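K.L.:
Just so you know, the sequences run in chain order A and B.
Final position of the first sequence in the working numbering is 345; the numbers increase by one with none missing.
Final position of the second sequence in the working numbering is 345; the numbers increase by one with none missing.
Sharing a structure here in structure tokens format.
Protein chains: 2
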Amino acid sequence: MQKPTNEKWYNQIGEQGDCVVSTRVRLARNLRGYPFPNRMTAQQKRELCQSVRDALLGDGSALRGEFRYLCMNEISDLQAAAMVERHLISPEFAKKRDGEALILSADESISIMLCEEDHIRIQVMRAGLAVRDALDVAQKLDYLLDERLDVAFDEQLGYLTSCPTNLGTGMRASVMLHLPAIAQAGAVSQIASAVSKIGLTMRGTYGEGSRADGSLYQLSNQITLGISEQTACDNLETIAGQIIAKEREARSNTPDQLMVDQVYRALGTLRYARMLSYDELLSLTGYLRIGVGMGLLKTVDYNTVNRLIIELGRASMAEQNNSASDPAARDTLRADIVRQALGEA
Amino acid sequence: MQKPTNEKWYNQIGEQGDCVVSTRVRLARNLRGYPFPNRMTAQQKRELCQSVRDALLGDGSALRGEFRYLCMNEISDLQAAAMVERHLISPEFAKKRDGEALILSADESISIMLCEEDHIRIQVMRAGLAVRDALDVAQKLDYLLDERLDVAFDEQLGYLTSCPTNLGTGMRASVMLHLPAIAQAGAVSQIASAVSKIGLTMRGTYGEGSRADGSLYQLSNQITLGISEQTACDNLETIAGQIIAKEREARSNTPDQLMVDQVYRALGTLRYARMLSYDELLSLTGYLRIGVGMGLLKTVDYNTVNRLIIELGRASMAEQNNSASDPAARDTLRADIVRQALGEA
Numbered sequence: 001m002q003k004p005t006n007e008k009w010y011n012q013i014g015e016q017g018d019c020v021v022s023t024r025v026r027l028a029r030n031l032r033g034y035p036f037p038n039r040m041t042a043q044q045k046r047e048l049c050q051s052v053r054d055a056l057l058g059d060g061s062a063l064r065g066e067f068r069y070l071c072m073n074e075i076s077d078l079q080a081a082a083m084v085e086r087h088l089i090s091p092e093f094a095k096k097r098d099g100e101a102l103i104l105s106a107d108e109s110i111s112i113m114l115c116e117e118d119h120i121r122i123q124v125m126r127a128g129l130a131v132r133d134a135l136d137v138a139q140k141l142d143y144l145l146d147e148r149l150d151v152a153f154d155e156q157l158g159y160l161t162s163c164p165t166n167l168g169t170g171m172r173a174s175v176m177l178h179l180p181a182i183a184q185a186g187a188v189s190q191i192a193s194a195v196s197k198i199g200l201t202m203r204g205t206y207g208e209g210s211r212a213d214g215s216l217y218q219l220s221n222q223i224t225l226g227i228s229e230q231t232a233c234d235n236l237e238t239i240a241g242q243i244i245a246k247e248r249e250a251r252s253n254t255p256d257q258l259m260v261d262q263v264y265r266a267l268g269t270l271r272y273a274r275m276l277s278y279d280e281l282l283s284l285t286g287y288l289r290i291g292v293g294m295g296l297l298k299t300v301d302y303n304t305v306n307r308l309i310i311e312l313g314r315a316s317m318a319e320q321n322n323s324a325s326d327p328a329a330r331d332t333l334r335a336d337i338v339r340q341a342l343g344e345a
Numbered sequence: 001m002q003k004p005t006n007e008k009w010y011n012q013i014g015e016q017g018d019c020v021v022s023t024r025v026r027l028a029r030n031l032r033g034y035p036f037p038n039r040m041t042a043q044q045k046r047e048l049c050q051s052v053r054d055a056l057l058g059d060g061s062a063l064r065g066e067f068r069y070l071c072m073n074e075i076s077d078l079q080a081a082a083m084v085e086r087h088l089i090s091p092e093f094a095k096k097r098d099g100e101a102l103i104l105s106a107d108e109s110i111s112i113m114l115c116e117e118d119h120i121r122i123q124v125m126r127a128g129l130a131v132r133d134a135l136d137v138a139q140k141l142d143y144l145l146d147e148r149l150d151v152a153f154d155e156q157l158g159y160l161t162s163c164p165t166n167l168g169t170g171m172r173a174s175v176m177l178h179l180p181a182i183a184q185a186g187a188v189s190q191i192a193s194a195v196s197k198i199g200l201t202m203r204g205t206y207g208e209g210s211r212a213d214g215s216l217y218q219l220s221n222q223i224t225l226g227i228s229e230q231t232a233c234d235n236l237e238t239i240a241g242q243i244i245a246k247e248r249e250a251r252s253n254t255p256d257q258l259m260v261d262q263v264y265r266a267l268g269t270l271r272y273a274r275m276l277s278y279d280e281l282l283s284l285t286g287y288l289r290i291g292v293g294m295g296l297l298k299t300v301d302y303n304t305v306n307r308l309i310i311e312l313g314r315a316s317m318a319e320q321n322n323s324a325s326d327p328a329a330r331d332t333l334r335a336d337i338v339r340q341a342l343g344e345a
């Protein structure tokens, strides 16, 4: 058992866990007096990173003990890939090694990329559906920055950002939905098309469309201009709620007997397999999620499922364990960990 | 636990159980003074059946307590179908309802069809590879019949039979082999072609070729003329031994890790599924058989596997349980029985 301070965010109990894996809110901020990162020198980047570090983690800061400050040029490719997998940094940021830095909370729920596309990108993650809660945390950090640094803000345009699509709130909020019944009914593209008309986007998180990806979809806001953060988050939460209702209805229309069989088969395979690919893990844990929602699986919970899919990605595993760099060895180790987590028979 | 006398033959421990499910020996006999069954009247059939019954199960016969005598016109279609499934009678015999009869031992290892294609067909089954043993039992019954009845025998042609392909010994011996590794290597047809040149036949027991059939193949002798029963049985056992050696070699060439994974996945599915078709049962129990052979599955044995595939056929289940007449209900019941037999987790 890890100490509470190291407890990862995905071990928290989330709302609507039968259909929602996680919520993420991101704020893009820039400082006056510096060009956008794509035009910054390495020296400017280091300066900017240091000033953000001082503002948030300087002497006397309450945050100091809870966060790590990581220089990206001290991070290995593998560590960076693992961070991408766990959604702590963007794939683009993983390639940067020239003065960029990352501020990361011990529970990995808060990550602040410095000198990614914008000077500062605050990201907050939560288990389950928790858009307002994630926004609250992000805004508290934003207030701190605003107090101590000269954040670029325009009365007309709002927060200035490197890419105009983020102008205004600079906020992107997203919810990772688990929609196996909607996917099975072939209704994903219809929903994706409907939400696009009201300023939202829905896309596959791990590859598009196919069922083998675990039926995970990310729903996020697109509009950042002429709308408040609160309103955008409320919209997202409302639409997510409607999609969740559709998913539950679709699940209840699936013959119970068949679904129960699939849930138990998934548990059987996870508890017995000696080799397990990540794609199969995603697919099978999807059924576990359904089983937990149906009240079938008393010994499994959403947290366990979430933890497995977050911690057992290829790079995350390879980072944690040297022997997991070879795909076959990794599949074997993954199966071992899953059996242990789900109670080997 | 059933009483010893009711213990079925397939609950015995057989030789070479990793590759051999069962052995069967059949003797075709006819009596002088009657036409072959296809030309007999119902009255003649009843007469003939009665005389065989008297010879084997009459007053003072030691066999009397161990056998049942069943008139086929008192048997339901479902019972007959279940008997076909368990290889106690032929599919053709199942359709007969006009004076035919069956003599069946309590453990179902011996069945004697009266007025099938020949007047008398003695069949003996054994678990595992036991051709000589099965022949011994069949011959003891044959001596009894010979002592008490006028069996049609010609010095030149041997035993006279309805179909000339059985002339001579009237014997057909067969071995049901489990050959998943040979099947996976695509070498079944090559072996089938080779054995056909030395007077044997190999064919799929449950549908030809596909892996989904559980990779069960029946190897049997074809030649009945100019060869003694002993020699024919020795040939069969020798060739079966060679095929078994090939199968074991092919299994040892399969990457262990992959095979171990497949074995455990099969066990996981069998222990957790809530619906199970007979085809899937055959396929999955095939992996259990391999797992037992590899020493992986301490809590499973060949007998359990054999019992499941013999008792959980469609008709056998429907005969035993009224609720199993509907396919979905049967698949559910089959899964329940399998979970119970294999130790539900």
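For every residue, glycine included, the Cβ atom is placed at its ideal position computed from N, Cα and C.
These numbers were taken from a predicted model, which means no experiment stands behind them.
1. Using a Cβ-Cβ distance under 9 Å, would B:Arg334 count as near chain A?
2. Confirm, please, whether the CB-CB distance from A:Leu281 to A:Leu270 is below 9 Å.
3. In terms of residue numbering, what span does the alpha helix (DSSP H) encompassing B:Ser316 cover?
4. Using the beta-carbon of each residue, which ones in chain B are nearer than 8 Å to A:Ala273?
5. For a minimum of 4 consecutive residues, which ranges assigned as the alpha helix (DSSP H) are wholly contained in the segment 73 to 140 of chain A?
6. Using the beta-carbon count (16 or more within 10 Å), is A:Asp150 buried or exposed?
7. Taking 9 Å as the threshold (beta carbon to beta carbon), is B:Ala258 in contact with chain A?
8. To the nearest angstrom, how far is the alpha carbon of A:Asp59 from that of A:Ala28?
9. In chain order, which continuous runs of the beta strand (DSSP E) of length 3 or greater are located wholly inside the segment 206 to 288 of chain B?
10. Buried or exposed, going by whether 16 or more other CB atoms sit within 10 Å of the CB of A:Asp364?
11. When burial is assigned at 16 or more other CB atoms within 10 Å of the CB, is A:Cys163 buried or exposed?
12. Give every residue of the same chain whose Cβ lies closer than 6 Å to the Cβ of A:Gln123, excluding the five residues on either side of it in the sequence, and list them in chain order.
13. Quick one: using the 10 Å Cβ neighbour count with 16 as the cut-off for buried, is A:Ser196 buried or exposed?
14. Give the straight-line distance between the Cα atoms of A:Arg68 and B:Gln262, rounded to the nearest whole angstrom.
15. Are at least three pairs of beta-carbons, each pair with one atom in the segment 11 to 25 of chain A and one in the segment 297 to 311 of chain A, less than 8 Å apart?
16. Beta-carbon of B:Ala324 versus every beta-carbon of chain A: anything under 9 Å?
17. Looking at the unbroken alpha helix (DSSP H) that takes in B:Tyr302, where does it start and where does it end?
18. Could you check whether the segment 43 to 55 of chain A touches the segment 96 to 105 of chain A, counting it as contact only if at least three pairs of C-beta atoms, one from each stretch, sit closer than 8 Å?
19. With a threshold of 9 Å between beta carbons, is A:Ala328 in contact with chain B?
20. Less than 9 Å between the beta carbons of B:Ala335 and B:Arg274, yes or no?
21. Once you ignore the five residues that flank A:Arg339 on each side, which residues in its own chain have a CB closer than 7 Å to its CB?
22. So, do the segment 78 to 85 of chain A and the segment 311 to 326 of chain A have three or more beta carbon pairs nearer to each other than 8 Å?
23. Would you list the residues sitting across from A:Leu27 in a DSSP beta bridge?
24. I need the DSSP call for A:Glu354, collapsed to helix, strand or coil.
25. What would DSSP say about B:Ser323, mapped onto helix, strand or coil?
26. According to the Cβ coordinates, are B:Val137 and B:Ala240 closer than 9 Å?
27. Between the C-alpha atoms of A:Glu362 and B:Ser252, what's the straight-line distance to the nearest angstrom?
28. If you draw a straight line from the alpha carbon of B:Ala212 to that of B:Ser283, how long is it in whole angstroms?
29. One question on the structure: do A:Gln218 and A:Gly199 come within less than 9 Å of each other, judged by their Cβ atoms?
30. State the Cα-Cα distance for the pair B:Val294 and B:Arg265, rounded to the nearest angstrom.
31. Taking the CB atoms as reference points, tell me whether B:Asn351 and B:Ala127 lie closer together than 9 Å.
32. Quick check on DSSP: helix, strand or coil for B:Asp22?
33. Secondary structure at A:Leu157, three-state DSSP: helix, strand or coil?
34. Whole angstroms is fine: what's the gap from A:Leu181's alpha carbon to A:Glu247's?
35. How about A:Leu160 and A:Ala152: do their beta carbons lie closer than 9 Å?
P.N.:
Looking at the atomic coordinates:
1. Sequence index remark: in the second sequence, residue 334 of chain B carries index 334 (1-based). B:Arg334 does not count as touching chain A.
2. Here the question's residue 270 of chain A lines up with position 270 in the first sequence. Here the question's residue 281 of chain A lines up with position 281 in the first sequence. Their beta carbons are under 9 Å apart, which means A:Leu270 touches A:Leu281 by this criterion.
3. Position 316 of the second sequence, counted from the start, is the residue given in the question as residue 316 of chain B. Counting along the chain, the alpha helix (DSSP H) containing B:Ser316 begins and ends at Arg314 to Gln320.
4. Here residue 273 of chain A corresponds to residue number 273 of the first sequence, with the count starting at 1. Per Cβ cutoff of 8 Å: Asp261, Tyr264, Arg265 and Gly268.
5. 77 to 85 and 91 to 94
6. Taking the first residue of the first sequence as 1, we reach residue 150 of chain A at position 150. Exposed is the call here.
7. Position 258 of the second sequence, counted from the first residue, corresponds to residue 258 of chain B. Sequence check: residue 258 of chain B is Leu here, not Ala. It does; some Cβ of chain A falls within 9 Å.
8. Sequence index remark: in the first sequence, residue 59 of chain A carries index 59 (1-based). Sequence index remark: in the first sequence, residue 28 of chain A carries index 28 (1-based). Taking the straight line from one Cα to the other gives about 25 Å.
9. 216 to 221
10. In the structure as shown, chain A starts at 1 and stops at 345, and residue 364 of chain A therefore has no counterpart that could be examined.
11. In the first sequence, counting from the first residue as 1, residue 163 of chain A sits at position 163. A:Cys163 comes out exposed.
12. Numbered from 1 along the first sequence, position 123 holds the residue referred to as residue 123 of chain A. Taken in chain order, the residues that qualify are Arg26 and Ser111.
13. What you label residue 196 of chain A is simply residue 196 of the first sequence in a count that begins at 1. By the neighbour-count rule (16 or more Cβ atoms within 10 Å), A:Ser196 is not buried but exposed.
14. Here residue 68 of chain A is taken as the residue at index 68 of the first sequence, counted from 1. Here residue 262 of chain B is taken as the residue at index 262 of the second sequence, counted from 1. Approximately 44 Å, taken between the alpha carbons.
15. yes
16. Counting from 1 along the second sequence, the entry for residue 324 of chain B is found at position 324. It does not; no Cβ of chain A falls within 9 Å.
17. Your numbering for residue 302 of chain B matches position 302 in the second sequence. Tyr302 to Glu311 is the extent of the alpha helix (DSSP H) around B:Tyr302.
18. yes
19. Along the first sequence, read from residue 1 onward, the residue named residue 328 of chain A stands at position 328. By this cut-off, A:Ala328 is an interface position.
20. Within the second sequence, residue 335 of chain B is the residue found at index 335, counting from 1. Within the second sequence, residue 274 of chain B is the residue found at index 274, counting from 1. Against a cut-off of 9 Å, the Cβ pair of B:Arg274 and B:Ala335 comes out as a contact.
21. By 1-based counting over the first sequence, the position of residue 339 of chain A is 339. Counting only Cβ-Cβ distances below 7 Å, and skipping sequence neighbours, we find Arg271.
22. yes
23. Here residue 27 of chain A refers to the residue found at position 27 of the first sequence. A:Ile122 and A:Met171, per the DSSP bridge assignment.
24. The structure shown does not extend to residue 354 of chain A, since chain A is modelled only from 1 to 345, so the question has no answer here.
25. For the purposes of this step, residue 323 of chain B is taken as the residue at position 323 of the second sequence. Helix at B:Ser323.
26. As a first step, residue 137 of chain B must be located in the second sequence, where it is residue number 137. As a first step, residue 240 of chain B must be located in the second sequence, where it is residue number 240. No, they are not a contact pair.
27. As displayed, chain A neither begins before 1 nor continues past 345, which places residue 362 of chain A out of reach and without an answer.
28. Here residue 212 of chain B refers to the residue found at position 212 of the second sequence. Here residue 283 of chain B refers to the residue found at position 283 of the second sequence. At B:Ala212, the pLDDT of 39 sits below 50, so the modelled position is not reliable and the matter cannot be decided from this model.
29. Along the first sequence, one-based indexing puts residue 218 of chain A at 218. Along the first sequence, one-based indexing puts residue 199 of chain A at 199. No, these two residues do not count as a Cβ contact at 9 Å.
30. Here residue 294 of chain B is taken as the residue at index 294 of the second sequence, counted from 1. Here residue 265 of chain B is taken as the residue at index 265 of the second sequence, counted from 1. Looking at the sequence shown, residue 294 of chain B is not Val but Met. The alpha-carbon atoms of B:Met294 and B:Arg265 are separated by roughly 15 Å.
31. Since the first and last residues shown for chain B are 1 and 345, residue 351 of chain B lies out of range.
32. Here the question's residue 22 of chain B lines up with position 22 in the second sequence. One point to set straight first is that residue 22 of chain B is Ser, not Asp, in the sequence displayed. DSSP places B:Ser22 in strand when its eight states are reduced to three.
33. By one-based count along the first sequence, residue 157 of chain A stands at place 157. Note: A:Leu157 maps to coil in three-state DSSP.
34. The residue given as residue 181 of chain A occupies position 181 in the first sequence. The residue given as residue 247 of chain A occupies position 247 in the first sequence. It is worth fixing the name first, because residue 181 of chain A is Ala in this sequence and not Leu. Taking the straight line from one Cα to the other gives about 6 Å.
35. Reading the first sequence from its first residue, position 160 is the one you call residue 160 of chain A. Reading the first sequence from its first residue, position 152 is the one you call residue 152 of chain A. A contact, by the Cβ cut-off of 9 Å.
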